[in-house]
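Participant: Sequential numbering of the sequence shown, starting at 29, is according to this note's numbering. One structure, as structure tokens, below. Some questions next.
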Amino acid sequence: MSSSTAGARVCFTSRVRADRIPEYRAAHAAVWPEMLEALRDTGWRDYRLFLREDGLLVGILETDDYAAAQRGMAATEVNARWQAAMSGFFVDDGNPDDGFVLLDEVFHLEAQLAALEDVG
29 MSSSTAGARV CFTSRVRADR IPEYRAAHAA VWPEMLEALR DTGWRDYRLF
79 LREDGLLVGI LETDDYAAAQ RGMAATEVNA RWQAAMSGFF VDDGNPDDGF
129 VLLDEVFHLE AQLAALEDVG
């Protein structure tokens, strides 16, 4: 994954409070339809969240421009409501989106295989 904001796969981490994990899972099993539509309409694609038992949350998504996708979501009314509803689930205070720690991609199988094909 890449922390670059243009034409990127993006991977981030955050931390869910251990005592709120069951509720967090339940909320994400039935995300509001208007939130799903807003994510799609602002450029979030193939967005997935993975949650470890200790609260480590890993998110992965594809977008043409991560910064623009974040700005687009920040401008929606549904995101403001969702962030308010989710804020109590996270270890860090504040807007959950602001607590994302972006990770740099260090390996991509297909890219390395393609490079081999280009050489050979």
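Even for Gly, the Cβ is constructed at its ideal location relative to N, Cα and C.
Contact defined as beta carbons within less than 8 Å: I believe R76 pairs with G83. What is the distance between those atoms, to the nearest angstrom?
Facilitator: In the sequence shown, residue 76 corresponds to position 48, counting from 1. In the sequence shown, residue 83 corresponds to position 55, counting from 1. Actually they are not in contact, since the Cβ atoms of R76 and G83 sit about 17 Å apart, beyond 8 Å.
Participant: Where does V106 sit, in a helix, a strand or coil, going by DSSP?
Facilitator: Locating residue 106 in the sequence shown gives position 78, where the first residue counts as 1. It is helical.
Participant: Using a Cβ-Cβ distance under 8 Å, would F40 count as near chain B?
Facilitator: Among the protein chains of the structure shown there is no chain B, as only one such chain exists.
Participant: Grab me the residues of T104's own chain with a C-beta within less than 6 Å of its C-beta, minus the 5 sequence neighbours each way, in chain order.
Facilitator: Here residue 104 corresponds to residue number 76 of the sequence shown, with the count starting at 1. Counting only Cβ-Cβ distances below 6 Å, and skipping sequence neighbours, we find A66.
Participant: Give the DSSP-derived three-state secondary structure of D126 in the structure shown.
Facilitator: Taking the sequence shown and counting its residues from 1, one reaches residue 126 at position 98. Note: D126 maps to helix in three-state DSSP.
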